[in-house]
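All remarks here apply to the structure that follows.
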Amino acid sequence: MKLKVQILDVDTGGVHKILLNPVEITHLAMFAGERVLLEYQKEETVAIADSTSLVEPGNVGILNQVQRELKVKEGDFVEVSSDVKPTSIKAIRKKMDGLTLTADEIEAIVGDLVTGRLSDIDIAAFLVSEQIRGLSLEETVHLTRAIAEEGEQMDFGENVFDKHSIGGVPGNKVSLVIVPIVAAAGLLIPKTSSRAITSPSGTADTMEVLAEVEFSVDELQKIMKTAKASIVWGGALNLAPADDLFIQIEHPLQIDPRPQMIASIMAKKLSTGIQYMVLDIPTGEGCKVTTMEEARKLSHDFITVGNELGIAVHCAMTYGSQPVGHAIGPALEAKEALETLMGGGPTSLIEKSTGLAGILLEMGGLATRGAGRKLAKEILASGKALKKMREIIRAQNGKPDVTPQEIPIGTCTYDLLAPTDGYVATLHNRALVRIARAAGTPKILGAGLYLHAKVGSRVKEGDPVLTIYAETEGKLSDAIDVAKNLMPFTVEGMLLLTLTDTEQF
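Under numbering that gives the first Met the number 0, think of the first position of the sequence shown as 0, with each following residue one higher.
Following this line, the structure appears as structure tokens:
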């Protein structure tokens with residue numbers, strides 16, 4: 000049937016959706032949440048139809064993603080018809096039953112995802128099946144290739160290097176130190192990074208404090224010719240759009256299936272033309288990976304998948320039971336990274352950054368095995384990494400001569416104090432993340448935390464252990480409430496809880 004277009008300015012994050020009046024849903028002999036085929040001139044797309052009386056009969060509410068696909072305007076007429084279930088539904092059911100999928104079946108799932116033929120429920124069923132049933136390494140390779148082939152492909156014409164982290168540790172701003180070290184040594188390193196989903200700041204969020212991070216593929220090519228390096232948001236490049244759609248469903252489900260994580264990371268590296276990668280696997284309490292045994296298994300899987308894809312992967316299992324450095328939150332982390340490049344910075348940030356950068360220098364043939372860290376430290380100490388970072392900032396339309404003091408941070412602050420004399424015994428990563436996000440990170444760039452003491456530090460009663468930064472008193476109050484409930488640190492000898500015989504156990 001032909002329906003009149005009503006443009007609705009609603010961003011669905013890449014999901015193809017339209018809105019129909021219940022009358023039209025009945026005429027199409029379908030239920031809300033099912034697929035429809037939309038045709039306009041020579042364009043067509045599949046979308047999920049939701050039902051609402053806010054759209055008049057005879058009209059179709061076109062949301063942003065579908066409007067971009069069809070190139071329709073307000074008042075145009077489109078052909079709307081019910082769509083049959085895609086063949087990939089059978090493949091999803093097959094995985095739900097614990098059976099192995101072929102390359103063609105996985106390609107069908109990813110293809111139908113990108114064209115909007117799969118509903119959120121379909122995608123969730125596939126992801127939960129991955130979480131419970133798992134994927135073989137062969138299936139993971141097929142999934143990686145399928146995700147990569149649905150997006151842009153880049154070719155820089157020479158060997159390309161990269162560093163990636165599986166995440167899970169707050170304050171992990173090491174990419175802002177590693178990238179300029181590696182590029183200053185002459186290696187090509189187009190770092191495409193994510194924004195934060197559940198963490199206080201993704202690498203792209205931190206870099207955005209210093210420069211723009213959203214570029215097209217052509218613009219990134221120009222940046223690479225100018226600076227030999229970049230730190231940009233991968234989501235703007237359309238490198239692996241299927242992965243972004245998977246992530247949108249993973250987030251509310253609070254799952255991160257191991258095969259999906261591997262495919263997600265490796266697909267984006269494949270799309271960027273990476274040949275050599277060092278993978279940071281933070282390990283310890285409060286991390287995604289808690290034991291060395293688990294870290295070794297994950298390393299084996301990444302290396303095996305990398306070999307199948309033609310990417311040399313070196314895995315580094317790093318200490319992850321407390322934050323890297325002292326700063327947590329976009330502006331505070333950008334400030335600390337810049338201070339490190341200028342010759343200061345905390346030891347933990349310097350050691351981790353130069354250790355990982357050193358592995359890339361060894362992979363690039365610039366240092367013998369075991370000598371990479373020393374060369375990385377020399378490049379950092381010489382000021383060459385700082386000079387390169389300023390080139391990257393300039394190429395990404397930032398202020399190249401920015402100083403740490405010029406970076407604005409939240410003006411509303413609160414200190415959490417040591418309750419007794421002693422040593423800081425633990426810092427709880429997950430509690431720190433929740434406090435920082437309550438303060439407004441990552442959306443509010445100046446929000447975050449600063450740790451005055453870390454595990455092993457001696458403190459006296461009343462000393463500040465951490466400071467909360469916020470940009471409004473309301474957000475500061477929210478963060479204080481979370482901090483008091485979660486107890487983000489313990490000091491040796493402090494009382495954790497008291498109960499009396501009149502209280503419930």
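The beta-carbon is built from N, C-alpha and C at its ideal position, and this holds for glycine as well. This structure is a prediction, so every number in the text was calculated from the model and none was measured.
- Task: Check the C-beta distance from Thr44 over to Val14 and give it rounded, since I have them as a contact under 8 Å.
- Result: Within the sequence shown, the letter at position 45 stands for residue 44. Within the sequence shown, the letter at position 15 stands for residue 14. The pair is not a contact, with the Cβ atoms about 12 Å apart (cut-off 8 Å).
- Roughly how many angstroms lie between the CA atoms of Val71 and Val4, to the nearest whole one? Taking the sequence shown and counting its residues from 1, one reaches residue 71 at position 72. Taking the sequence shown and counting its residues from 1, one reaches residue 4 at position 5. Spanning the two alpha carbons is a distance of roughly 8 Å.
- Every unbroken beta strand (DSSP E) inside the region 164-236 [3 residues or more]: Taking 3 residues as the minimum length, the beta strand (DSSP E) runs contained wholly in the region 164-236 are 188-192 and 228-232, in order along the chain.
- Query: By a C-beta neighbour count over all protein chains shown, 10 Å radius and 16 as the cutoff for buried, is Ser198 buried or exposed?
  - Reply: The residue labelled residue 198 in the question sits at position 199 within the sequence shown. Answer is buried; the Cβ neighbour count reaches 16.
- In whole angstroms, what separates the C-alpha of His250 from that of Ile180? For the purposes of this step, residue 250 is taken as the residue at position 251 of the sequence shown. For the purposes of this step, residue 180 is taken as the residue at position 181 of the sequence shown. Each residue's Cα considered, the two are about 33 Å apart.
- Query: Going by beta carbon distance, what residues of the same chain come within less than 8 Å of Leu415, once the five residues before and after it are set aside?
  - Reply: In the sequence shown, counting from the first residue as 1, residue 415 sits at position 416. The answer, listed in chain order, is Pro463, Val464, Leu465, Thr466, Ile467, Ala482, Pro487 and Phe488.
- Item | Contacts around Val159, its chain only, beta-carbon distance under 6 Å, and the 5 residues preceding and following it disregarded | Within the sequence shown, numbered from 1, the residue matching residue 159 stands at position 160. For Val159, same chain residues with a beta-carbon under 6 Å away, outside a window of 5 residues either side, are Leu187, Gly272, Ile273 and Gln274 in chain order.
- Query: Tell me which same chain residues have a C-beta within less than 8 Å of the C-beta of Ala380, skipping the five on either side of it?
  - Reply: Residue 380 sits at position 381 when you count from the first residue of the sequence shown. The answer, listed in chain order, is Gly342.
- Query: In angstroms, rounded to a whole number, what distance separates the CA positions of Met265 and Leu134?
  - Reply: Reading the sequence shown from its first residue, position 266 is the one you call residue 265. Reading the sequence shown from its first residue, position 135 is the one you call residue 134. Rounded to the nearest angstrom, the two C-alpha atoms are 15 Å apart.
- Task: For Asn396, name the three-state secondary structure that DSSP assigns.
- Result: Start at 1 with the first residue of the sequence shown, and residue 396 comes out as number 397. Reduced to three states, the DSSP call for Asn396 is coil.
- Message: Distance check for Ser118 and Gly371, CA to CA, integer angstroms please.
- Response: In the sequence shown, the residue the question calls residue 371 occupies position 372. In the sequence shown, the residue the question calls residue 118 occupies position 119. Distance between the alpha carbons of Gly371 and Ser118: 48 Å.
- Just how far apart, CA to CA, sit Val277 and Gln247? Numbered from its first residue, the sequence shown carries residue 277 at position 278. Numbered from its first residue, the sequence shown carries residue 247 at position 248. Between Val277 and Gln247, the alpha-carbon positions lie close to 26 Å from each other.
- Item | Integer-rounded CB distance, given that Glu470 should sit under 8 Å from Ala446 | The residue labelled residue 446 in the question sits at position 447 within the sequence shown. The residue labelled residue 470 in the question sits at position 471 within the sequence shown. Contact holds; Cβ gap of about 6 Å.
- Using alpha carbons as the reference points, say which of Leu238, Ala394 and Lys442 lies closest to Gly150. Along the sequence shown, read from residue 1 onward, the residue named residue 150 stands at position 151. Ranking Leu238, Ala394 and Lys442 by CA distance to the CA of Gly150 puts Leu238 first.
- Message: Determine whether the beta carbon atoms of Ile6 and Ile47 lie at a separation below 8 Å.
- Response: Position 7 of the sequence shown holds residue 6. Position 48 of the sequence shown holds residue 47. A distance of 8 Å or more separates the beta carbons of Ile6 and Ile47.
- Query: Going by the CB atoms, is the gap between Lys267 and Thr317 shorter than 8 Å?
  - Reply: The sequence position of residue 317 within the sequence shown is 318, counting from 1. The sequence position of residue 267 within the sequence shown is 268, counting from 1. Not a contact, by the Cβ cut-off of 8 Å.
- Message: Considering Cα atoms alone, identify which of Tyr413, Ile378 and Asn396 is closest to Ser229.
- Response: For the purposes of this step, residue 229 is taken as residue 230 along the sequence shown, with counting starting at 1. Considering only alpha carbons, the answer is Asn396.
- Given Asn63 as reference, the closest of Glu390, Val173 and Leu18 once Cα atoms are compared: Here residue 63 refers to the residue found at position 64 when the sequence shown is read from its first residue. Comparing Cα-Cα distances from Asn63 to each of Glu390, Val173 and Leu18, the minimum goes to Leu18.
- Message: Suppose you measure from the CA of Phe214 to the CA of Met223; what does that come to, to the nearest Å?
- Response: Numbered from its first residue, the sequence shown carries residue 214 at position 215. Numbered from its first residue, the sequence shown carries residue 223 at position 224. Approximately 12 Å between the Cα atoms of the pair.
- Measuring alpha carbon to alpha carbon, tell me which of Ala31, Ser192, Leu175 and Pro56 ends up nearest Lys386. For the purposes of this step, residue 386 is taken as residue 387 along the sequence shown, with counting starting at 1. When C-alpha distances from Lys386 are compared across Ala31, Ser192, Leu175 and Pro56, the shortest belongs to Leu175.
- Item | Beta-carbon proximity check, Ala424 vs Lys474, cutoff 8 Å | Against the sequence shown, residue 424 aligns to sequence position 425. Against the sequence shown, residue 474 aligns to sequence position 475. Not in contact: Ala424 and Lys474 (Cβ atoms no closer than 8 Å).
- Item | Three or more C-beta pairs below 8 Å linking the region 426-435 and the region 276-292 | Contact check between the region 426-435 and the region 276-292: three or more CB pairs, one atom from each, fall below 8 Å, which counts as touching.
- Taking the DSSP output, what are the residues bridged to Gln5? For the purposes of this step, residue 5 is identified with residue 6 of the sequence shown, where counting begins at 1. In the DSSP assignment, the residues bridged to Gln5 are Gly60.
- Please go through the region 386-469 and give each complete beta strand (DSSP E) segment of 3 or more residues, from N-terminal end onward. Within the region 386-469, the complete beta strand (DSSP E) runs of at least 3 residues are 411-416, 421-426, 447-450 and 463-469.
- Task: Using the Cα positions of Met388 and Ala394, report the straight-line distance between them to the nearest angstrom.
- Result: One-based indexing of the sequence shown puts residue 388 at position 389. One-based indexing of the sequence shown puts residue 394 at position 395. A straight-line Cα-Cα distance of about 10 Å links Met388 and Ala394.
- Provide the residue span of the beta strand (DSSP E) that contains Lys16, from first to last. Indexing the sequence shown from 1 puts residue 16 at position 17. Lys16 to Leu19 is the extent of the beta strand (DSSP E) around Lys16.
- Query: If we ignore side chains and look at the alpha-carbon of each, how far apart do Arg194 and Thr202 end up?
  - Reply: On the sequence shown, position 195 is the one that residue 194 refers to. On the sequence shown, position 203 is the one that residue 202 refers to. Between Arg194 and Thr202, the alpha-carbon positions lie close to 7 Å from each other.
- Message: Can you list, in chain order, the residues of its chain with a C-beta nearer than 6 Å to that of Gly369? Leave out the 5 residues immediately preceding and following it.
- Response: Taking the first residue of the sequence shown as 1, we reach residue 369 at position 370. Excluding sequence positions up to five before and after Gly369, its CB lies less than 6 Å from no other CB in the same chain.
- Any beta strand (DSSP E) of 3 or more consecutive residues that is wholly inside the region 104-174: As far as the region 104-174 is concerned, its whole beta strand (DSSP E) runs of at least 3 residues are 160-164.
- Query: Is Met362 helix, strand or coil when you go by DSSP?
  - Reply: Taking the first residue of the sequence shown as 1, we reach residue 362 at position 363. Reduced to three states, the DSSP call for Met362 is helix.
- Message: Quick check: what's the CA-CA separation for Ala183 versus Leu340?
- Response: Indexing the sequence shown from 1 puts residue 183 at position 184. Indexing the sequence shown from 1 puts residue 340 at position 341. Approximately 12 Å between the Cα atoms of the pair.
- Query: Going by the CB atoms, is the gap between Ile261 and Val304 shorter than 8 Å?
  - Reply: Counting from 1 along the sequence shown, the entry for residue 304 is found at position 305. Counting from 1 along the sequence shown, the entry for residue 261 is found at position 262. Yes; because the gap between Cβ atoms is below 8 Å, this pair is in contact.
- Query: If you compare alpha carbons, which of Ala28, Val168, Asp154 and Val401 is closest to Ser81?
  - Reply: Position 82 of the sequence shown, counted from the first residue, corresponds to residue 81. Ranking the options by Cα distance to Ser81, first place goes to Ala28.
- Task: Take Lys298 and list the residues in its own chain whose beta-carbon comes closer than 6 Å to its own, dropping the five residues that flank it on each side.
- Result: Mapped onto the sequence shown, residue 298 falls at position 299. The amino acid occupying residue 298 in the given sequence is Ser; Lys does not appear at that position. Answer for Ser298: Cys314, listed in chain order.
- Task: List the residues that DSSP assigns as beta-bridge partners of Glu38.
- Result: Here residue 38 corresponds to residue number 39 of the sequence shown, with the count starting at 1. Looking at the DSSP output, Glu38 sits in a beta bridge with Glu43 and Glu78.
- Message: Less than 8 Å between the C-beta atoms of Thr419 and Val312, yes or no?
- Response: Counting from one through the sequence shown, the residue named residue 419 turns up at place 420. Counting from one through the sequence shown, the residue named residue 312 turns up at place 313. With contacts defined by Cβ atoms closer than 8 Å, Thr419 and Val312 do not form a contacting pair.
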